[in-house]
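This report refers to the structure that appears directly beneath it.
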Amino acid sequence: MVAAVLTDDDPQALETLRHSAAHLMAAAVVELFPGAEYAIGPAIADGFYYDFLLPDGHRLTPEDLVRVEERMRTIASRRPAFERSELGREEALAEFRRRHQRFKVEIIEQLPATEVISCYRTGDFFDLCRGPHVPDAGGIPAFRLLHPAGAYWRGDERNPMLQRIYGTAWFSEPDLEAYLERLREADRRDHRRLGRELELFSAEEALGGGLILWHPAGSVVREVIEDHWRRAHRAHGYQLVFSPHIAKEELWVESHHLEFYADDMWGPVEVEGTRYRLKPMNCPFHILIYRARTRSYRELPLRLGELGTVYRHERSGVLHGLLRVRGFTQDDAHLFCTPDQVGEEVERAVAFSQAMLRTFGFEDLEVALSTRPAKAAGDLALWEQAEATLAEVLARRKLPHRVDAGGGAFYGPKIDLFVRDALGRTWQCATIQLDYGQPANFRLEYVGPDGATHRPVMIHRTLLGSMERFFGVLLEHYAGAFPLWLAPVQCQVITVTDEQLPFAREVAGRLAAAGLRAAVPDRPGERMPAKIRDGQRAKVPYLGVIGPREVAAGQVHLRDTRSGAQTPVTVDELVARLGSEARPPELAL
RNA sequence: GCCCAGAUAGCUCAGUGGCAGAGCACUUCCUUGGUAAGGAAGGGGUCCCGGGUUCAAAUCCCGGUCUGGGCUCCA
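Just so we're aligned, residue 2 is where the first sequence starts under our numbering, counting upward by one.
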């Protein structure tokens with residue numbers, strides 16, 4: 002018998018608590034829905050869930066959750082113990098068959114024959130479970146059910162769809178309340194909400210799922226990001242290119258995309274008897290640029306970069322705001338190098354992406370190394386060599402990382418960088434993929450110092466991922482309040498009465514001449530407090546207020562909307578101060 | 001794709017077989033004011049699309065589109 006000692010600092014204890022809460026919830030569901038079959042109910046990050054198959058195909062509603070939660074409290078008030086028992090395999094199978102619990106029977110049948118089968122009883126509820134648990138069901142200080150959902154048995158869409166309930170449990174009511182507040186904060190920061198409120202982008206029904214319209218304010222931010230990106234790439238030895246959105250189907254045969262990636266590609270378009278496909282990736286285009294003439298080893302590494310728009314046929318159910326879309330622009334680049342340049346090029350790309358992500362306020366990065374998938378192209382020895390090269394780079398840069406076995410692309414292993422945002426959530430941005438396959442598919446060559454032809458190695462990489470996803474992540478990270486260099490409008494010039502409008506326009510003109518984005522709201526007759534409120538709500542970093550006093554003194558009363566601080570400044574001071582704060586950050590390598 | 005839920009004014013939403021509504025936004029007029037909403041009047045609808053049931057459909061039924069939650073956290 003394992004007696005769990007609950008302490009606040011032990012993550013294991015919190016997991017135990019949540020798993021116990023899942024059992025308590027299942028007990029309540031079985032009482033409310035006699036005949037319910039229960040599948041699995043693990044603790045997860047921040048909470049727990051349990052999957053059920055309810056009698057008569059009942060589907061859970063939010064109202065059902067209220068009843069389940071009430072019943073959980075009723076059961077908990079009786080403080081039934083979590084009683085552990087150990088059964089033999091046959092005994093356990095008989096018990097769960099008697100209870101008509103097909104999922105438990107299936108699980109036991111798949112356990113090794115020698116495994117000790119432990120079960121827990123909570124009042125009338127009896128479950129197959131490894132444990133441990135809290136001593137009794139009254140020992141769960143704070144819990145809340147969150148939402149119902151559908152989920153396939155074992156996550157496989159060929160299996161029956163079960164009803165899942167998500168919940169959360171904590172050591173205390175204040176902990177629970179803090180967590181619920183975190184959820185509310187995440188909702189307030191939801192990029193879809195902010196995108197609408199700040200008029201940054203939209204997705205219109207008339208356009209089709211997963212397709213995004215960038216509105217003027219969002220387009221300004223994107224343009225600033227792209228300018229920063231282009232400048233940095235030129236400084237780091239990249240050459241920038243453009244390529245079309247569509248190519249002959251034959252090209253995708255040669256690249257093996259149609260063989261390995263067809264499900265994610267849009268269907269063919271036929272023009273004058275030739276089939277074309279929308280591009281899901283930019284690589285074949287950059288490869289054709291490489292192949293346009295004979296290349297010398299003196300040109301390598303050749304780094305071709307492009308903000309390339311691609312189209313992928315994501316399944317309708319996985320689309321999500323800007324984070325999962327069907328048309329998006331990758332900040333893509335392909336590095337063509339000699340085999341002995343690979344290590345250095347990968348290392349430079351990793352450093353470049355770390356530096357780039359830092360300029361957007363992402364200091365804390367997580368790193369993953371993804372290895373050979375089941376469906377892979379190319380020979381095994383090359384894969385092993387490629388994986389070893391990536392691991393060496395991570396070791397040299399002293400980057401702690403996890404290994405995602407089988408998570409690589411079909412043409413090579415990869416290093417992914419994830420940013421951690423202001424709420425502690427992680428998002429994949431940069432990816433650096435080695436590719437020995439495409440150079441062979443396309444018979445790429447360069448002439449070496451020996452006068453003979455050799456095969457280059459390719460590295461695919463993005464730093465930000467895609468403009469859409471990165472913008473969505475950035476928007477949530479900053480909660481819509483962009484730093485000055487990214488803000489769509491950097492300074493709004495507000496007058497106390499309409500009398501000051503000419504001076505306000507003059508000030509805005511001075512700011513614009515200095516390359517700053519300034520605006521004078523066109524709202525004649527509107528009161529100043531209303532214009533201040535609009536500026537605050539639009540998250541404009543600076544509001545410059547001008548009344549009769551400021552006109553007389555040639556000043557602006559500057560309000561920093563982030564801190565609320567107010568200071569009178571001359572127009573020259575205003576231009577100098579905003580000009581220096583608005584400069585894009587330098588890339589620190 | 002699959003399960004569930006939703007779609008009513010630009011936005012947030014109420015209305016649930018019998019006259020299409022509120023707040024904000026927008027337009028006009030009045031107000032010229034000092035750091036998060038000055039006042040009044042007005043305009044604005046294919047109640048997502050298509051079909052069905054009904055004397056009558058925004059409302060009920062069927063199909064579609066789009067959106068949202070979830071679908072490899074594994075006793």
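Backbone N, C-alpha and C define an ideal beta-carbon position, used for all residues, glycine too.
Worksheet item: Is the number of C-beta pairs between the region 220-236 and the region 263-277 that are closer than 8 Å three or more?
Response: Judged by Cβ distances under 8 Å, the region 220-236 makes no contact with the region 263-277, as fewer than three pairs qualify.
Worksheet item: For G36, which of helix, strand or coil comes out of DSSP?
Response: Three-state DSSP puts G36 in coil, outside helix and strand.
Worksheet item: Do three or more CB pairs link the region 130-140 to the region 12-31 at distances below 8 Å?
Response: In this structure the region 130-140 lies against the region 12-31, because at least three pairs of beta carbons, one per stretch, are closer than 8 Å.
Worksheet item: Are the beta-carbon atoms of R145 and T169 separated by less than 8 Å?
Response: Their beta carbons are under 8 Å apart, which means R145 touches T169 by this criterion.
Worksheet item: Around the Cβ of E107, are there at least 16 other Cβ atoms within 10 angstroms (buried) or fewer (exposed)?
Response: By the 10 Å Cβ count, E107 comes out exposed.
Worksheet item: For A95, which three-state DSSP category applies?
Response: For A95, the three-state secondary structure derived from DSSP is helix.
Practice prompt. Please confirm if the region 467-474 is in contact with the region 386-396, defined as three or more CB-CB distances below 8 Å between the two stretches.
Written response: No: the two stretches stay apart, fewer than three of their Cβ pairs being nearer than 8 Å.
Worksheet item: How would you call L424, buried or exposed, if buried means at least 16 neighbouring beta carbons within 10 angstroms?
Response: Taking a 10 Å sphere around the C-beta of L424, we find fewer than 16 other C-beta atoms and assign the residue as exposed.
Worksheet item: Looking at the structure shown, is A14 part of a helix, part of a strand, or coil, going by DSSP?
Response: In the structure shown, A14 adopts helical secondary structure according to DSSP, grouped into three states.
Worksheet item: Is the beta carbon of L308 less than 8 Å from the beta carbon of Q240?
Response: Inclusion of L308 and Q240 in the CB contact set at 8 Å is not warranted, their separation being larger than that value.
Item to complete: Counting only runs of 3+ residues fully inside the region 132-211, write out the beta strand (DSSP E) ranges in chain order.
Response: Within the region 132-211, complete beta strand (DSSP E) segments of at least 3 residues are found at 143-153 and 162-171, given in chain order.
Worksheet item: What three-state label does DSSP hand V552 in the structure shown?
Response: DSSP places V552 in helix when its eight states are reduced to three.
Item to complete: Grab me the residues of I109's own chain with a C-beta within less than 8 Å of its C-beta, minus the 5 sequence neighbours each way, in chain order.
Response: Result list for I109: R90, A93, L94, F97, I118 and L129, in chain order.
Practice prompt. Excluding the 5 residues preceding and the 5 following T8 in the sequence, name in chain order all residues of the same chain whose CB lies nearer than 6 Å to its CB.
Written response: In this prediction, T8 has a pLDDT of 49, which is less than 50 and means its spatial position is unreliable; what the coordinates show is noted afterwards. Take T8, set aside five residues on each side of it, and the residues of its chain with a beta-carbon closer than 6 Å to its own are A14, in chain order.
Discussion item. In whole angstroms, give me the CA-to-CA distance for A204 and L214.
Written reply: Roughly 6 Å between the two C-alpha positions.
Worksheet entry | Inter-residue Cα distance where the pair is E527 and R349 | So the two alpha carbons sit approximately 54 Å from each other.
Worksheet item: Counting only runs that start and end within the region 313-372, where is the beta strand (DSSP E) found for 3 or more residues in a row?
Response: Inside the region 313-372, DSSP marks whole beta strand (DSSP E) runs of 3 or more residues at positions 328-338 and 366-371, from first to last along the chain.
Worksheet item: Could you give the distance in angstroms between the alpha-carbon of C492 and the alpha-carbon of R72?
Response: C492 and R72 have their C-alpha atoms some 55 Å from each other.
Fill in: Through-space distance from A378 to E446, alpha-carbon basis
For E446 and A378, the gap between their C-alpha atoms comes out near 20 Å.
Discussion item. Quick check: the region 294-302 against the region 269-282, are at least 3 beta-carbon pairs closer than 8 Å?
Written reply: Output reads no: the region 294-302 does not touch the region 269-282.
Worksheet entry | Integer Cβ distance of P281 from L252, believed to fall under 8 Å | About 12 Å; that fails the 8 Å criterion.
Fill in: Three-state class that DSSP yields for Y298 in the structure shown
Of the three classes helix, strand and coil, the one that applies to Y298 here is helix, per DSSP.
Item to complete: Verify whether the separation of the beta carbon atoms of R100 and F127 is less than 8 Å.
Response: Contact: yes.
Practice prompt. Just the C-alpha distance for A441 and R456, rounded to the nearest angstrom, thanks.
Written response: Taking the Cα positions, A441 is about 7 Å away from R456.
Worksheet item: Among H287, V311 and S581, which one has its Cα closest to the Cα of Q439?
Response: Answer by Cα proximity: H287.
Item to complete: Output the boundary residues of the beta strand (DSSP E) element that contains F127.
Response: Here the beta strand (DSSP E) through F127 covers F126 to L129.
Item to complete: Name the one or two DSSP bridge partners that K415 has.
Response: Beta-bridge pairing links K415 to S371 and Q434.
Discussion item. Just to confirm the assignment, what range does the beta strand (DSSP E) spanning F83 have?
Written reply: Run containing F83: F83 to L88, per the beta strand (DSSP E) assignment.
Worksheet item: Nearest-angstrom Cα distance between A369 and I533?
Response: In this structure, the straight-line span from the alpha carbon of A369 to that of I533 is close to 46 Å.
Worksheet item: Helix, strand or coil: which one does DSSP assign to Q567?
Response: In this structure, Q567 counts as strand in the three-state DSSP scheme.
Worksheet item: If you run the structure through DSSP and keep just helix, strand and coil, what is F243?
Response: Reduced to three states, the DSSP call for F243 is coil.
Worksheet item: Exposed or buried, which one is E551 when buried takes at least 16 other CB atoms within 10 Å?
Response: Result: buried.
Worksheet item: For P489 versus R518, is the C-beta distance shorter than 8 Å?
Response: Yes, Cβ-Cβ distance for P489 and R518 is below 8 Å.
Worksheet entry | Beta-carbon proximity check, F104 vs Y39, cutoff 8 Å | At the C-beta level, F104 and Y39 come within 8 Å of one another.
Item to complete: Could you tell me which of S173, R560 and P569 sits nearest to G140, measuring between CA atoms?
Response: Nearest in C-alpha terms to G140, of all of S173, R560 and P569, is S173.
Worksheet entry | Through-space distance from C120 to A4, alpha-carbon basis | Residue confidence is low: A4 scores 40 on pLDDT, short of 50, so the model does not pin down where it sits. Its coordinate-derived value is still stated next. Going from the Cα of A4 to the Cα of C120 covers about 15 Å.
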